[in-house]
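Numbering (UniProt numbering), first residue to last: 1 to 625.
Glycine included, C-beta positions come from ideal geometry on N, C-alpha and C.
Everything below concerns the one structure shown next.
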């Protein structure tokens, strides 16, 4: 086998005395080599990798290479990715991401997407010719004006581009009631911050004459206008021709384009030839760096951007090192082997998360049961991702997700109701969310205590226990602030359930991690005798009319309340093998109603658990606010 390794600034030929045959290739084999140990992966690994990468059709084989002269920038597993055709020099990265070469690459991405992905929904059919209330019309690359689309008589073929950006500490140029007339008469693009100027330049270069920028298309000093426009935010991005992400910039002054070292994007190219076989063109590089479809950057930490990037059919990210492309049919970036080709598989955009999202929101399925599972899984992942993101204004907690929620509402069961972050069809089991890291209740009211949106938390798990409900839903409702946006901000709400309720006293704490919300406590559970799975407690015994036991998991929503006498409502009691798994809400009584303050999960001996669930005298209606 002869390996020709092209790596700037030199070329090296490597010889390995091995001629593979299909049978031998079925097993992972290390090949002797003066510089490299070449690992030819098994067919099983190959197919597994195809699955993980979203079914990339261009992969023929994966070869991992280990070497003591690995370049320092290859930070993880070094790999070879073989392709059937040599993609050499199909694209050369420019020193500045705003150079003509970048625009030409983006042109090719757009063209490829338009031609090859019509069935994936990349070209959204806007049958009603929907437009945002306002757009910026580009008269020239240096002149623009704010227009009201209702009176502008835009043609059906008139497309617009949207911009995702961070506001940051520097407040960008904004549309106000005091300057609205001036902005509608026309303004110089040079008066805009750098990020906006770059977005205008790119829009003009792509041949599009309209762009939507939130701070310039929404009256920032009008609460009424903001609420109305926030309700349609999802559609703004869903119907955009392309969404531009100023991913690298923490505010509007930093711009999208910048000078970078193109050496970071140089990927060594390898030609491998087995005797009797056609040459194989490969790349040598950090697998994660090359196949990270979406770059990291300040933009990706912002809460509003989640729905923007998930709803936009196509998006280009201007990152710190390279530009990246995503659409519903594929992805690519400058570092990829063949930057002009879009790799198949929505799956690889955000690993597992995005695959579920696309299936749930945009693919039609005939099997209603499969649809329900996929949508539920996608929603759980949405909440988990959203909880990690940051918002400038806490009051945007539900509003910033409302566009995505609107889309979810179209694929959920008929007559389902959205309730401040939860869905009525999944109650009461969906009340059993929890935070695995430290959390606290928001200082200002955001949502009822039974909703994850009421907390400031970095990690929300919504699918704790979903089977074996022993409680039932009586009623549920929320008070929406803005009737125009039923998926937005709320001022109140309550859930009434019928459940087994008993008193519990949290006694000694047996474990505490510095950052974890999880604790193992010894508790006294009154009235219900649950024996089993508690035998590591030295003083395990019936005590004061109740059962003293150690809980499997207890997660406080906010500050722990040890030694307090609280209420616990049994929501799920799932029998498996010789035990019953319980999922419960930890409640604190406030007059005639309750507030949720935590989540409890533990297991009990099957016989005792079933006896407890048969205690109908302990079941009661509980109103949680």
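| Query | Result |
| --- | --- |
| Collapsed DSSP secondary structure at residue 325 in the structure displayed | strand |
| Range covered by the alpha helix (DSSP H) that runs through residue 217 | 214-217 |
| Alpha helix (DSSP H) segments (min. 4 residues) lying fully within the UniProt domain "Heterokaryon incompatibility" (160-308) | 180-185, 194-205, 214-217, 223-230, 233-238 and 287-290 |
| Proximity below 8 Å, CB of residue 398 to CB of residue 490 | yes |
| Alpha-carbon to alpha-carbon, residue 588 and residue 327 | 47 Å |
| Under the three-state DSSP convention, the category residue 331 falls into | strand |
| Of the listed residues 619, 581, 143 and 233, nearest to residue 607 (C-alpha basis) | 581 |
| Every unbroken alpha helix (DSSP H) inside the segment 575-624 [4 residues or more] | 606-613 |
| For residue 421, three-class secondary structure by DSSP | coil |
| Residue of 240, 572, 193 and 154 minimising C-alpha distance to residue 166 | 193 |
| From 586, 437, 625 and 598, residue whose alpha carbon lies closest to that of residue 592 | 625 |
| Local Cβ density within 10 Å of residue 95, reported as buried at 16 or more and exposed below that | exposed |
| CA-to-CA distance, residue 279 to residue 25, given in whole angstroms | Residue placement at residue 25 is poorly supported in this model, since its pLDDT is 32, which falls under 50; the coordinates are not used for a value here. |
| Simplified DSSP state of residue 502, which is helix, strand or coil | strand |
| Residue 622 vs residue 569 beta-carbon contact at 8 Å | yes |
| Bridge partner(s) assigned by DSSP for residue 387 | Bridge partners of residue 387: none, in fact. |
| Rounded straight-line distance, which links the Cα of residue 101 to that of residue 439 | 47 Å |
| 8 Å Cβ cutoff met for residue 557 and residue 441 | yes |
| 8 Å contact criterion, which residue 579 and residue 610 should meet: CB distance rounded | Incorrect: roughly 10 Å between the Cβ atoms, too far for contact. |
| Nearest residue (CA-CA) to residue 249, options 277, 296, 211 and 237 | 296 |
| Sequence-distant residues of the same chain with beta carbon closer than 7 Å to residue 454, five excluded per side | 441, 442, 446, 447 and 448 |
| Beta-carbon proximity check, residue 211 vs residue 175, cutoff 8 Å | no |
| Residue span of the alpha helix (DSSP H) that contains residue 479, given as start and end | First-last for residue 479: 472-480, but that is the beta strand (DSSP E), not the alpha helix (DSSP H). |
| Range of the contiguous alpha helix (DSSP H) that encloses residue 104 | 100-116 |
| Assigned secondary structure, residue 378 (DSSP; H/G/I helix, E/B strand, else coil) | helix |
| Where residue 188 falls, given that 16 or more other Cβ within 10 Å makes a residue buried | exposed |
| Beta-carbon proximity check, residue 122 vs residue 329, cutoff 8 Å | yes |
| Nearest-angstrom Cβ-Cβ length linking residue 400 and residue 264, presumed shorter than 8 Å | In fact, because the Cβ distance is near 33 Å, the residues do not count as touching under 8 Å. |
| Cα-Cα separation, residue 436 to residue 459 | 6 Å |
| Contacting residues, own chain, Cβ-Cβ under 7 Å from residue 594 (five flanking each side not counted) | 567, 587, 588, 622, 623 and 624 |
| Residue range of the alpha helix (DSSP H) that includes residue 151 | 149-152 |
| Same chain only: Cβ atoms within 6 Å of residue 462, ignoring 5 sequence neighbours per side | 380, 383 and 433 |
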